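> Pasting a structure here, questions to come.
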Ligand SMILES: [Zn+2]
Ligand SMILES: [Zn+2]
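As C-alpha cells, this is what we get:
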C-alpha cells in the first residue's frame, strides 16, 4: 500500500508540510495522534493518516460500519411499514 514517505523524500513542499512528523513517517494517526503513514482508506474513497496499529485495525475491519448497519435497519423498518400499510388496505 503506497504512502507519502516517497513523496516526502522527493517533494520539498510535502517535506515542509511534514516537518513536525518524525522521520520515517508521513502522517500522524487520525485516531491516536501517533506517527504513522498517510494513505488511501482501504474501504472508503478517502485518505487519512493511521499508525501501524490502527491501519491493521482498518484492514481487519471490512466495510461493516455503524453507518451501514443503521442504513440496513432503516431499510428493514421501512419495508415492515410498507407491508403493514398494504396489510391494512386489504
Ligand atoms: Zn509513509
Ligand atoms: Zn493510531
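Numbering (this note's numbering), first residue to last: 226 to 315. Every residue, glycine too, gets a C-beta built ideally from N, C-alpha and C. These figures come from a predicted structure and were not determined experimentally.
1. Quick test of your reading: residue 233 and residue 243, contact by CB under 8 Å. State the CB separation rounded to the nearest angstrom.
2. In whole angstroms, what is the alpha-carbon distance linking residue 231 and residue 299?
3. State the Cα-Cα distance for the pair residue 265 and residue 241, rounded to the nearest angstrom.
4. May I have the straight-line CA-CA distance separating residue 293 from residue 239, to the nearest angstrom?
5. Between the Cα of residue 269 and those of 250, 261, 286, spot the shortest distance and give me the residue it belongs to.
6. Take residue 247 as the anchor and find which of 276, 256, 311 has the nearest alpha-carbon.
In brief:
1. The residue given as residue 233 occupies position 8 in the chain shown. The residue given as residue 243 occupies position 18 in the chain shown. Confirmed, about 5 Å.
2. The residue labelled residue 231 in the question sits at position 6 within the chain shown. The residue labelled residue 299 in the question sits at position 74 within the chain shown. The straight-line gap from Cα to Cα measures roughly 44 Å.
3. By 1-based counting over the chain shown, the position of residue 265 is 40. By 1-based counting over the chain shown, the position of residue 241 is 16. Residue 265 and residue 241 have their C-alpha atoms some 21 Å from each other.
4. What you label residue 293 is simply residue 68 of the chain shown in a count that begins at 1. What you label residue 239 is simply residue 14 of the chain shown in a count that begins at 1. Rounded to whole angstroms, residue 293 and residue 239 show a C-alpha spacing of 35 Å.
5. Walking along the chain shown from the start, residue 269 turns up at place 44. The candidate whose alpha carbon is nearest that of residue 269 is 286.
6. By 1-based counting over the chain shown, the position of residue 247 is 22. Taking only the C-alpha atoms, the option nearest residue 247 is 276.
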